[in-house]
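Participant:
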Amino acid sequence: MSSSIAAMRPRLKAGVFFAPNTNGDGAVVSSGGEVVSLRGAATYVWLEKLAPRLTGDHTLEQLTAALPPVKADMVRRLVVALHDAKLLRDAAADEPHTLSADELRAYAAEIGFIEAYVDSPESRFERFRTARVLAVGAGPVLAAAVEAGERAGMRDITVAESVSASMIDDVDVVLYASGDPVVADILDLDEWCAERATVFVPAVVVGDEAWVGPVCGPHRWTSVWHRLPNRDTSRRTEYLTGPVPGIVASHAVFACFEHLTGVTAESRAGTVVRIDLETLRTSRHRAAEHAAAWTVKPAAAEDLLARITELAGGPTLDDDVLDERVPLLTDEVLGILSPPDERDLTQFPLRVLESNGVHGVGADSASARAAAVFSAVAEYAASVVDARRLLDDEGWPLSDIGPRWLDEPPAQAWTLGMSLVDGGVELVPSSLVFNAGRTGLAAGRDWSTALTEALLSHCLHRTVTAISAVGEPFPGVALPASHHLDLLVAAGRTVTVYDVTDDSGVPTFAFCLDGRTVAYRNHLDPASAVEDGLMQTLLAHQMTPPPVPDLPARRRSNSTGRVARAVAPQSALVDALRDNGPVVVPLDHDPAVAELLPYVLRVVLLNA
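Quick note on numbering: the UniProt record's numbering labels position 194 of the sequence shown as 194, and the sequence is numbered without any gaps.
1) Using only CA atoms, which one of R284, I186, L260, V141 lies nearest to T241?
2) Based on Cα-Cα distance, which residue from G246, P96, A65, L597 lies nearest to residue 655?
3) Where does F474 land, buried or exposed, given buried means 16+ other C-beta within 10 angstroms?
4) State the start and end residues of the unbroken beta strand (DSSP E) segment that holds D251.
5) Touching or not, the segment 436–455 and the segment 569–578, by the rule of three or more beta carbon pairs under 8 Å?
6) With DSSP as the reference, identify every bridge partner of V204, one or two as the case may be.
7) Where does the unbroken beta strand (DSSP E) through L17 begin, and where does it stop?
8) Taking just the CA atoms, how far does A135 sit from L260?
9) Can you list, in chain order, the residues of its chain whose CB lies under 6 Å from that of A376, leaving out five sequence neighbours each side?
10) Name the DSSP beta bridge partners of R76, please?
11) In the DSSP assignment, the alpha helix (DSSP H) including T465 goes from what residue to what residue?
12) Could you check how far apart the C-beta atoms of L513 and H541 are, in whole angstroms? I think they sit under 8 Å.
13) Could you tell me how far apart the beta carbons of L328 and A288 are, in whole angstroms, since I believe they sit closer than 8 Å?
14) For P52, is the classification buried or exposed, using 16 other Cβ atoms within 10 angstroms of its Cβ as the cut-off for buried?
15) Could you tell me which whole alpha helix (DSSP H) segments of length 4 or greater appear in the segment 88–175?
16) State the DSSP-derived secondary structure class of E595, mapped to helix, strand or coil.
17) Is it right to say L280 is buried, meaning 16 or more other beta carbons lie within 10 angstroms of its own, or is it exposed?
18) So the candidates are L390, E394, T415, W414; which of them puts its Cα closest to the Cα of P403?
19) Just to confirm the assignment: which complete alpha helix (DSSP H) runs, minimum length 4, are found wholly within the segment 292–321?
20) Could you pull out every unbroken beta strand (DSSP E) segment of at least 3 residues lying fully inside the segment 513–563, listed in chain order?
21) May I have the straight-line CA-CA distance separating K297 from D407, to the nearest angstrom?
22) Alpha carbon to alpha carbon, how far is C256 from V326?
23) Quick check on the DSSP output: the beta strand (DSSP E) that includes I186 runs from which residue to which?
24) Pick helix, strand or coil for S504, following the three-state DSSP scheme.
25) Taking a contact to mean a Cβ-Cβ separation below 8 Å, would you say T432 touches L304 in this structure?
26) Evaluate N558 with the Cβ neighbour count: other Cβ atoms within 10 Å of its Cβ, from every protein chain shown; 16 or more gives buried, anything less gives exposed.
27) DSSP state of L485, grouped into three classes?
28) Determine, using beta carbons only, whether V201 and A252 come nearer to each other than 8 Å.
29) Which term fits P121, buried or exposed, when burial requires 16 or more other beta carbons within 10 angstroms of its beta carbon?
30) Under the rule that 16 or more other beta-carbon atoms within 10 Å means buried, what is T22, buried or exposed?
31) Less than 8 Å between the beta carbons of G137 and S164, yes or no?
32) Could you have a look at M1 and say whether DSSP puts it in helix, strand or coil?
33) Using the three-state DSSP reduction, which class does A14 fall into: helix, strand or coil?
34) Would the segment 363–380 count as touching the segment 331–351 if we require 3 or more Cβ pairs under 8 Å?
35) Would the beta-carbon of S30 fall within 8 Å of that of F17?
36) So, does the segment 306–316 touch the segment 490–507, judging by three or more C-beta pairs under 8 Å?
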């Protein structure tokens with residue numbers, strides 16, 4: 001017997017059951033979820049004899065000292081098998097504790113629950129039992145939380161309806177529980193606890209929902225609050241009666257229990273529990289970090305230029321990276337983005353996914369998902385304005401903005417952007433940057449791709465805006481072989497394409513389906529513009545497209561002309577817009593987006 005095995009103090013975990021197998025040549029052992037089969041005709045008999053002695057009070061060497069060698073070896077092999085199956089643990093490695101015999105008996109169920117997940121259950125429970133808890137809030141949820149905490153084993157709970165920062169200095173946990181939450185108080189508590197690394201567990205009722213958690217410190221409640229779709233605390237729910245306050249409170253106390261004892265699964269860390277108070281259904285959600293949880297200030301000119309340089313040299317976001325990062329931004333309730341989904345959209349011949357009400361189209365699911373995510377995150381980023389990062393018309397921080405997030409940013413403010421003509425820093429009206437317009441807005445797998453897309457959208461907007469003006473007819477385009485075109489022809493549709501390139505020289509085309517204009521597309525490479533436009537035309541066959549300006553009949557030529565030539569990458573687009581003063585602004589006011597999908601920007605024309 002090795003010295004490490006001999007010194008083991010085997011302790012059968014609480015909740016482990018065993019029985020002879022149906023063939024009588026072994027035993028089945030279960031801890032609730034997982035079942036382990038152990039072979040051997042005498043296995044069940046030995047388990048019956050050993051189980052009462054596997055308490056952790058004796059070493060394996062002591063348990064086998066009086067046995068003949070053959071039987072001692074049988075016991076050792078059985079103990080090792082149970083240990084490997086995680087049905088038994090070595091109590092010799094447990095941390096010491098000072099719980100009394102009465103406490104061990106009174107809280108045997110709680111200790112057994114801890115033991116099912118981690119070691120040193122008594123010591124971990126003692127950490128929970130002796131924690132200094134400050135319970136704050138009001139009403140039946142607070143009263144129920146105090147009762148639930150005491151019942152679970154908390155022995156040092158102080159109750160307060162209001163709290164100051166100094167009161168937190170001498171506590172380990174702050175538990176806020178209320179059916180009538182005062183948001184300003186919770187924000188203060190969140191900030192004070194974060195400053196002191198004190199555990200903060202909120203349980204608040206908003207409308208007909210209760211939100212419990214996250215256990216704060218590393219996961220701050222302020223972020224959850226600003227991600228909630230409904231933040232109206234003025235309406236009182238009719239469902240906070242009977243056992244409901246106790247149910248909400250029990251979730252809060254259990255969150256404390258999980259955190260202090262260390263039994264929280266990694267997948268649940270930082271999550272918040274949503275309770276539907278009408279049905280009592282629960283679900284777990286994760287909120288991405290929100291800028292409101294942190295102190296920020298406007299970026300200086302050199303900071304902006306350094307940030308753009310960093311983005312321009314950043315890595316490309318391939319499909320593997322998107323697979324890893326997009327789920328961190330998506331949640332059906334608290335997510336920045338709704339999970340890309342087919343909804344009830346037709347999926348043939350093109351795949352179409354939707355996120356935040358925005359469609360992404362592709363030949364396969366991966367490309368459609370990427371398109372939906374980038375379109376949705378661009379629209380989202382353009383809607384998020386952190387007033388603390390804005391400036392006045394002279395480039396100074398706004399004097400009347402405090403340290404906290406404002407839901408309604410000032411109408412007259414400015415931000416910084418980089419000129420695409422000379423690389424200098426310009427003051428840009430924030431209203432030109434943060435708005436619902438799509439022109440100049442882009443997100444992509446890398447900075448250069450997003451910047452090119454934003455510049456192209458300005459060029460396309462200018463071309464299409466002038467499309468109905470008096471002028472010579474645009475020549476038709478002899479279409480190349482294309483899978484998209486073949487599908488349209490097979491469906492009996494007529495496709496005509498016109499080269500509408502203007503004086504800028506950026507290849508631009510109009511696409512008509514059975515004579516109706518359905519899309520305009522441009523690109524640095526004319527072949528890419530045509531192929532992209534044919535995909536959009538196929539989409540118009542598949543589902544009703546958004547309307548676009550009609551290409552007038554008088555500007556449609558019956559002749560086929562020479563297709564526009566490719567233009568030099570990006571610099572030609574800047575040249576085409578030079579007189580309009582193109583300026584690029586990174587859309588990074590949401591830190592979660594800036595970290596995970598950083599290539600989001602808007603190009604603004606200061607002299608439009």
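Glycine residues also receive a C-beta, built at the ideal position from the N, C-alpha and C atoms.
Model, not experiment: these values are computed from the prediction.
Facilitator: If we stick to the structure as given:
1) As a working note, residue 241 is residue 241 in the sequence shown. Closest by alpha carbon: V141.
2) Given that the chain is displayed from residue 1 to residue 608, the structure contains no residue 655 and the question cannot be resolved.
3) Residue numbering aside, residue 474 sits at position 474 when the sequence shown is read from its first letter. By the neighbour-count criterion, in which 16 or more other beta carbons inside 10 Å mark a residue as buried, F474 falls on the buried side.
4) For the purposes of this step, residue 251 is taken as the residue at position 251 of the sequence shown. Reading off the sequence, residue 251 comes out as His, not Asp. Not the beta strand (DSSP E): H251 falls in the alpha helix (DSSP H), residues 244–261.
5) Here the segment 436–455 lies against the segment 569–578, with 3 or more beta-carbon pairs under 8 Å apart.
6) Locating residue 204 in the sequence shown gives position 204, counting from the first residue. According to DSSP, V204 bridges with S178, W211.
7) Position 17 of the sequence shown, counting from 1, holds the residue named residue 17. Per the sequence shown, residue 17 should be read as Phe rather than Leu. 17–20 is the extent of the beta strand (DSSP E) around F17.
8) Numbered from 1 along the sequence shown, position 260 holds the residue referred to as residue 260. Numbered from 1 along the sequence shown, position 135 holds the residue referred to as residue 135. The alpha-carbon of L260 is positioned some 16 Å away from that of A135.
9) If you number the sequence shown from 1, residue 376 lands on position 376. Around A376: L337, S355, N356, V358.
10) The sequence position of residue 76 within the sequence shown is 76, counting from 1. Note: R76 sits in no beta bridge, so no partner.
11) The residue labelled residue 465 in the question sits at position 465 within the sequence shown. Element bounds for T465: 447–465.
12) Along the sequence shown, read from residue 1 onward, the residue named residue 513 stands at position 513. Along the sequence shown, read from residue 1 onward, the residue named residue 541 stands at position 541. Yes, they are in contact, since the Cβ atoms of L513 and H541 sit about 6 Å apart, within 8 Å.
13) Here residue 328 corresponds to residue number 328 of the sequence shown, with the count starting at 1. Here residue 288 corresponds to residue number 288 of the sequence shown, with the count starting at 1. The C-beta distance from L328 to A288 rounds to 6 Å, short enough to fall under 8 Å.
14) By 1-based counting over the sequence shown, the position of residue 52 is 52. With fewer than 16 Cβ atoms within 10 Å of its Cβ, P52 is classed as exposed.
15) Counting only runs of 4 or more, we get 101–106, 108–115, 121–130, 139–152.
16) Looking up residue 595 in the sequence shown gives position 595. The answer is helix: DSSP assigns E595 an H, G or I state.
17) Numbered from 1 along the sequence shown, position 280 holds the residue referred to as residue 280. Around the beta carbon of L280, fewer than 16 other beta carbons lie within 10 angstroms, which makes this residue exposed.
18) In the sequence shown, counting from the first residue as 1, residue 403 sits at position 403. Residue L390 is the option with its Cα nearest to P403.
19) Along the segment 292–321, the alpha helix (DSSP H) occurs as fully enclosed runs of 4 or more residues at 301–312, listed in sequence order.
20) If one requires a minimum length of 3 residues, the beta strand (DSSP E) runs lying completely within the segment 513–563 are 516–522, 556–560, in chain order.
21) Mapped onto the sequence shown, residue 297 falls at position 297. Mapped onto the sequence shown, residue 407 falls at position 407. Rounded to whole angstroms, K297 to D407 spans 16 Å at the Cα level.
22) Taking the first residue of the sequence shown as 1, we reach residue 256 at position 256. Taking the first residue of the sequence shown as 1, we reach residue 326 at position 326. Taking the straight line joining both Cα atoms gives about 29 Å.
23) The count along the sequence shown starts at 1 and reaches residue 186 at position 186. Going by DSSP, I186 is part of no beta strand (DSSP E) but of the alpha helix (DSSP H) stretching over 183–196.
24) Numbered from 1 along the sequence shown, position 504 holds the residue referred to as residue 504. Coil at S504, not helix or strand.
25) On the sequence shown, residue 432 is found 432 positions in, with the first residue counted as 1. On the sequence shown, residue 304 is found 304 positions in, with the first residue counted as 1. Per the sequence presented here, residue 432 reads as Leu, with Thr not at that position. In this structure, L432 keeps its C-beta atom at 8 Å or more from the C-beta atom of L304.
26) As a working mapping, residue 558 is identified with position 558 in the sequence shown. Per the 10 Å Cβ criterion, exposed.
27) Walking along the sequence shown from the start, residue 485 turns up at place 485. The answer is helix: DSSP assigns L485 an H, G or I state.
28) Taking the first residue of the sequence shown as 1, we reach residue 201 at position 201. Taking the first residue of the sequence shown as 1, we reach residue 252 at position 252. Their beta carbons are under 8 Å apart, which means V201 touches A252 by this criterion.
29) Along the sequence shown, read from residue 1 onward, the residue named residue 121 stands at position 121. A residue is called buried when at least 16 other Cβ atoms come within 10 angstroms of its Cβ; P121 meets this threshold and is buried.
30) Residue mapping note: residue 22 aligns to position 22 of the sequence shown, counting from 1. It is exposed - the Cβ of T22 has fewer than 16 other Cβ atoms within 10 Å.
31) By one-based count along the sequence shown, residue 137 stands at place 137. By one-based count along the sequence shown, residue 164 stands at place 164. S164 sits away from G137, with the two beta carbons spaced by 8 Å or more.
32) Position 1 of the sequence shown, counted from the first residue, corresponds to residue 1. Since pLDDT at M1 reaches only 42, below the 50 mark, its modelled position is unreliable, and the value read off the structure follows with that caveat. Three-state DSSP puts M1 in coil, outside helix and strand.
33) As a working note, residue 14 is residue 14 in the sequence shown. Coil.
34) The segment 363–380 is in contact with the segment 331–351.
35) Against the sequence shown, residue 30 aligns to sequence position 30. Against the sequence shown, residue 17 aligns to sequence position 17. Yes, these two residues count as a Cβ contact at 8 Å.
36) Counting Cβ pairs under 8 Å, fewer than three are found: no touch.
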